[in-house]
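**Q**
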Amino acid sequence: MKKLYLILFLAFASILCGCEFFINHKNAVSVSAVYLDAESRGIGVEVSFYSGRLPAAAGDILEAGVVAAKGEIENPGKISKEDSDYVLSSDYDNPAFYAIENLDAEDYNVTFTFRAYYVYTDKSGAEKTVYSDNFLQAVPYELAKGDDSEFALEIVAIVEGVEDEDEYVPVRVTFDLNGGRWTDGIAAYVIKNGEPEANLTVTSLNDKTAKEYTLLNKQSMFYQYYYKLFIKEAGGANTYRVVAVDAATRDIIRCGVDDYDFVLAVHDLCEDGEAYAVIKDLATSGFVGAVVVFDEDIRFFTGGQLTSSFYPVRHDENLEMEFKDKETLPPAEKEGFHFGGWSDGENIHTVFPGYQRKQNVTAVTYAAVWELYSVEEFRVFMSALLPDVIDGDLELPLSYSGYAVSWKSSHPEILSDDGKYAQPFDETVVTLTATLSAPGVSEEVNFHMRAKAYKTLEGPIASSYIYRDYNRVDDAFFETLDIINCAFLTAASDGHIYGSNTLNNIMTYIMPGAREHGCWVIFSIAPESQWHQMAADPAARVKFAENIVEIINEYGFDGVDIDWEGSVNGTNFTYLMEEVYAKVKANNPRHLVTAAIAAGPYQPPNYNLKNSGKYIDYINMMAYGLVSSYGQYQNNLYPRYPRSDYHNPDHKAGATHNKCSIQESVDLFKGYGIPASKIIIGAAFYGIKQIKQGDEWKSAGSVYYTSIASSYLNNPDYTVYFDTVAGVPYILKNDGTEFISYDDPRSIQLKCDYIYQEGLAGMMYWENGCDLTGTLLAAMRKGLNK
278 MKKLYLILFL AFASILCGCE FFINHKNAVS VSAVYLDAES RGIGVEVSFY SGRLPAAAGD
338 ILEAGVVAAK GEIENPGKIS KEDSDYVLSS DYDNPAFYAI ENLDAEDYNV TFTFRAYYVY
398 TDKSGAEKTV YSDNFLQAVP YELAKGDDSE FALEIVAIVE GVEDEDEYVP VRVTFDLNGG
458 RWTDGIAAYV IKNGEPEANL TVTSLNDKTA KEYTLLNKQS MFYQYYYKLF IKEAGGANTY
518 RVVAVDAATR DIIRCGVDDY DFVLAVHDLC EDGEAYAVIK DLATSGFVGA VVVFDEDIRF
578 FTGGQLTSSF YPVRHDENLE MEFKDKETLP PAEKEGFHFG GWSDGENIHT VFPGYQRKQN
638 VTAVTYAAVW ELYSVEEFRV FMSALLPDVI DGDLELPLSY SGYAVSWKSS HPEILSDDGK
698 YAQPFDETVV TLTATLSAPG VSEEVNFHMR AKAYKTLEGP IASSYIYRDY NRVDDAFFET
758 LDIINCAFLT AASDGHIYGS NTLNNIMTYI MPGAREHGCW VIFSIAPESQ WHQMAADPAA
818 RVKFAENIVE IINEYGFDGV DIDWEGSVNG TNFTYLMEEV YAKVKANNPR HLVTAAIAAG
878 PYQPPNYNLK NSGKYIDYIN MMAYGLVSSY GQYQNNLYPR YPRSDYHNPD HKAGATHNKC
938 SIQESVDLFK GYGIPASKII IGAAFYGIKQ IKQGDEWKSA GSVYYTSIAS SYLNNPDYTV
998 YFDTVAGVPY ILKNDGTEFI SYDDPRSIQL KCDYIYQEGL AGMMYWENGC DLTGTLLAAM
1058 RKGLNK
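When we follow my numbering, the leftmost residue of the sequence shown carries the number 278, and every step to the right adds one.
1) Could you tell me which whole alpha helix (DSSP H) segments of length 4 or greater appear in the stretch 493–554?
2) Are there three or more Cβ pairs, one per stretch, closer than 8 Å when the stretch 993–1005 is compared with the stretch 702–717?
3) Measuring CA to CA, which of 1030, 962, 994 is closest to residue 1043?
4) So for residue 755, helix, strand or coil by DSSP?
5) According to DSSP, is residue 384 helix, strand or coil?
6) Excluding the 5 residues preceding and the 5 following residue 540 in the sequence, name in chain order all residues of the same chain whose CB lies nearer than 6 Å to its CB.
7) Go through its chain and collect everything with a Cβ distance to residue 906's Cβ below 8 Å, but skip five positions before and after it.
8) What is the DSSP secondary structure of residue 925, counted as helix, strand or coil?
9) Pick helix, strand or coil for residue 841, following the three-state DSSP scheme.
10) Determine the closest residue to residue 499 out of 511, 485, 490, 512, with distance taken between C-alpha atoms.
11) Flag this pair as yes or no: are the beta carbons of residue 767 and residue 823 separated by less than 8 Å?
12) Per DSSP, what kind of secondary structure is residue 869 in: helix, strand or coil?
13) Comparing alpha-carbon positions, which option in 948, 896, 934, 997 lies nearest residue 955?
14) What is the DSSP secondary structure of residue 1006, counted as helix, strand or coil?
15) Say whether the stretch 856–876 touches the stretch 787–807, bearing in mind that this needs 3 or more beta-carbon pairs closer than 8 Å, one atom from each stretch.
16) If we require 3 or more residues per run, which beta strand (DSSP E) segments fall completely within the stretch 412–467?
17) Around the Cβ of residue 523, are there at least 16 other Cβ atoms within 10 angstroms (buried) or fewer (exposed)?
18) Are at least three pairs of beta-carbons, each pair with one atom in the stretch 343–356 and one in the stretch 380–398, less than 8 Å apart?
19) I'd like to check one pair, residue 727 with residue 668: are the Cβ atoms closer than 8 Å?
20) So which of 946, 912, 951, 927 has the shortest CA-CA distance to residue 934?
21) Determine the DSSP secondary structure at residue 1054, reduced to helix, strand or coil.
22) Since residue 397 contacts residue 337 with CB under 8 Å, what's their CB separation in whole angstroms?
23) Should residue 706 be labelled buried (16 or more other beta-carbon atoms within 10 Å of its own) or exposed?
24) So residue 317 and residue 379 are supposed to be a Cβ contact under 8 Å. How far apart are they, rounded?
25) From residue 432 to residue 442, what distance separates their C-alpha atoms?
26) Measuring only the C-alpha atoms, how far is residue 562 from residue 674?
27) Using only the alpha-carbon positions, how far apart do residue 587 and residue 564 sit?
28) Are three or more beta carbon pairs between the stretch 724–739 and the stretch 1035–1051 nearer than 8 Å?
29) What ranges does the beta strand (DSSP E) occupy inside the stretch 864–918, keeping only unbroken runs of at least 3 residues that lie completely in it?
30) Out of curiosity, what's the CA-to-CA distance linking residue 319 and residue 368?
31) Taking the DSSP output, what are the residues bridged to residue 685?
32) How should residue 732 be labelled, buried or exposed, when 16 other C-beta atoms within 10 angstroms of its C-beta is the threshold for buried?
33) If contact is defined by three or more beta carbon pairs under 8 Å, each pair taking one atom from either stretch, is the stretch 417–425 in contact with the stretch 606–625?
34) Mind checking who residue 826 pairs with in its DSSP beta bridge?
35) Quick one: using the 10 Å Cβ neighbour count with 16 as the cut-off for buried, is residue 691 buried or exposed?
36) Could you round the C-beta distance between residue 311 and residue 477 to whole angstroms and report it? I think they count as a contact, below 8 Å.
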């Protein structure tokens, strides 16, 4: 009877307690399956729940999972979180799946034990953990033997000692640059594939003692006697490449290296023997391209110890590197080509393809592939090089990116097929045709340029002589002038012409600006030439004329000016001019032949102008320097009938010499049959100075207008006068002891007016270096409307 009561009590209690008294909650969960999981490259585990046996609703289950132990254990059915190797957990799910991922090869033949668990909250609110009664054990190798996935095959091959024929293996790659060079991108590959050749310690910044291995920043300019490596950042962290070297031959600022970030340097007195040996060797061997890696950011280095690791690689040397997995291959470059990748003879790669063991490849050579630029790229390239307006010779490339390039000009007399330029007398559009040729390719590309014409010589000509200060010419000089007479070349008695310094000045300072502005450039043959001997010898005259033409053609001159002064033999002068004129015009009929002849009554009769005049395009009438004493003007414009007294009778200063005015000289030249249209009158850009000795004025040399402007015009000890009858100014010292005859803006304007009135060819002056103020040139520009 008591036994019956006990049973009834327990049954009633079980009902009140949700029947938990009679349920084994460990049977509510189990490890239902263990399998090889190829996706995670590990072991997958399936856990199943029996909801009727759970002590709580699914929503009260806080955690579910698997504990796992690796290797042989004594009580596999007793493992828990505390003594397991893995705890795999998740929220409640039925079934639930877990995996031990990414097994190592050493785990492939090891036993794994799995036991399920769950955590729930009981009616009192306490958390309880329940482990399954069952457990499962598995060995990846045993699982793999019943699986046909690649992962399973790999496990079997490794455990059984069989090499996987599909596995990627290391391959030694030789990179053949094929005429190219490495970019900065090579640095990362060199560091990855090799060990540094040297690890050196920098101990100072901008060292001045010569005893340390030093880092020099870009503020350092000298260090001539240091062996120097110029380095530039190469993209990676604290990674640089050697871009230039100097073997202790010159200062940094004289090495001609602009694109660098720092310099590594040692002196012969360096106390770090290893650093000295390495840096000196790199600097003296011209080792450009080496990679240098620092252990800290050198931009912030101020001193202390800085490790620099050197990886030897030249920018143009072939390299060997080891690759296994697929990765981007290093880039290269070659001027004028696109880098197309690396060819193994069959395929072109930019990414290492990987080689499987079954391919039996241990080494391979990759050759850089260089692709031709397109014709359109050539068009863009040349369009950036060729000017819209031609102002000098052109450098035309004969090759481009593997193409052979030939050129054809539409106007070879202006621009030759090899780029030699001769300025046209009329503006012309020149078409250059480039033909690009390569195997299977022939393409033509046209480029159009404007050849600027010379300035016209139809209106009054603005002309100049330049003798000194060639380097001082400016835009106003070229903008104003039509003809530039460059003085001097000198003729020898045999007709040879010399003057290399003058030619160098002309080509450096005159020709570029003249071509840009359309000026005519003429070289003048000096008065001190051996005129008499040369002009008297027919063979020398011929040689002289031939040499003139040769110089014109070689240097691009537009003519010649003959400056034979003093005692002139009119007959021989005529013979000479005839020979020169004939050969110059035969070479180019538009080139000029001019002559410098003094104004006044004394010189012109010597030139046989009635006969020689026909061989002269323009006469540069030197209407200056005619008088240097007697208180007379050197350069007066008027009058035909001068006054008989002085402009300043008190000091006997300011008189005109008989028949030496420009008016009188023009009349004289016309009388010799020279038309007004051939006469270019001269102005003085300098003054003739005279000093009073007793009661007479004596020559005291010349004074440049630059000095007149700075030392006389505003000097209270001197007074400026203007003689309206003569049309010229002069300066007189207040005590009457100094007299200067010169031209000023007013007298130049009067001479320009006279040129227009008389229909003369124009005005020239001697000489540009005498007035560096630009005042008189500006007056000439205004007066001739330039």
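Using N, Cα and C, we set each Cβ at its ideal position, and we do this for glycine too.
**A** Taking the coordinates as given:
1) none
2) no
3) Walking along the sequence shown from the start, residue 1043 turns up at place 766. Considering only alpha carbons, the answer is 962.
4) By 1-based counting over the sequence shown, the position of residue 755 is 478. Reduced to three states, the DSSP call for residue 755 is helix.
5) On the sequence shown, position 107 is the one that residue 384 refers to. Here residue 384 sits in helix by DSSP.
6) The residue you call residue 540 lines up with position 263 of the sequence shown. Within the same chain, residue 540 has close Cβ partners 493, 505, 507.
7) As a position in the sequence shown, residue 906 is number 629, starting the count at 1. Only 967, 973, 974, 975, 976 meet the Cβ criterion.
8) Stepping through the sequence shown from its first residue, residue 925 is reached at position 648. Residue 925: strand per DSSP, three-state reduction.
9) Looking up residue 841 in the sequence shown gives position 564. Coil, per DSSP.
10) Position 222 of the sequence shown, counted from the start, is the residue given in the question as residue 499. It is 485.
11) Working through the sequence shown from its first residue, we reach residue 767 at position 490. Working through the sequence shown from its first residue, we reach residue 823 at position 546. Contact flag unset, no.
12) Counting from one through the sequence shown, the residue named residue 869 turns up at place 592. It is a strand residue.
13) Translated into positions along the sequence shown, residue 955 becomes position 678. Residue 955 has its Cα closest to that of 896, out of 948, 896, 934, 997.
14) Against the sequence shown, residue 1006 aligns to sequence position 729. Correct three-state label for residue 1006: strand.
15) yes
16) 413–415, 448–453
17) Residue mapping note: residue 523 aligns to position 246 of the sequence shown, counting from 1. Buried: at least 16 other Cβ atoms inside 10 Å.
18) yes
19) Counting from 1 along the sequence shown, the entry for residue 668 is found at position 391. Counting from 1 along the sequence shown, the entry for residue 727 is found at position 450. Cβ distance not < 8 Å, so residue 668 and residue 727 don't count as in contact.
20) Here the question's residue 934 lines up with position 657 in the sequence shown. It is 912.
21) Against the sequence shown, residue 1054 aligns to sequence position 777. Note: residue 1054 maps to helix in three-state DSSP.
22) Residue 397 sits at position 120 when you count from the first residue of the sequence shown. Residue 337 sits at position 60 when you count from the first residue of the sequence shown. Right, the Cβ-Cβ distance comes to about 5 Å (below 8 Å), so this counts as a contact.
23) Translated into positions along the sequence shown, residue 706 becomes position 429. Exposed: under 16 other Cβ atoms inside 10 Å.
24) Here residue 317 is taken as the residue at index 40 of the sequence shown, counted from 1. Here residue 379 is taken as the residue at index 102 of the sequence shown, counted from 1. Right, their Cβ atoms sit about 7 Å apart.
25) The residue given as residue 432 occupies position 155 in the sequence shown. The residue given as residue 442 occupies position 165 in the sequence shown. Looking at the two C-alpha atoms, the distance is approximately 13 Å.
26) To locate residue 562, count along the sequence shown from 1; it is residue 285. To locate residue 674, count along the sequence shown from 1; it is residue 397. Residue 562 and residue 674: Cα-Cα distance of roughly 32 Å.
27) Walking along the sequence shown from the start, residue 587 turns up at place 310. Walking along the sequence shown from the start, residue 564 turns up at place 287. Approximately 12 Å between the Cα atoms of the pair.
28) yes
29) 869–875, 895–899
30) As a first step, residue 319 is located in the sequence shown; it is residue number 42 there, counting from the start. As a first step, residue 368 is located in the sequence shown; it is residue number 91 there, counting from the start. Approximately 21 Å between the Cα atoms of the pair.
31) Position 408 of the sequence shown, counted from the start, is the residue given in the question as residue 685. Partner(s): 710.
32) Residue numbering aside, residue 732 sits at position 455 when the sequence shown is read from its first letter. So residue 732 ends up on the buried side.
33) no
34) Counting from one through the sequence shown, the residue named residue 826 turns up at place 549. The partner list for residue 826 (beta bridge, DSSP) is empty, contrary to what the question assumes.
35) As a working note, residue 691 is residue 414 in the sequence shown. Buried: at least 16 other Cβ atoms inside 10 Å.
36) Here residue 311 corresponds to residue number 34 of the sequence shown, with the count starting at 1. Here residue 477 corresponds to residue number 200 of the sequence shown, with the count starting at 1. Incorrect: roughly 58 Å between the Cβ atoms, too far for contact.
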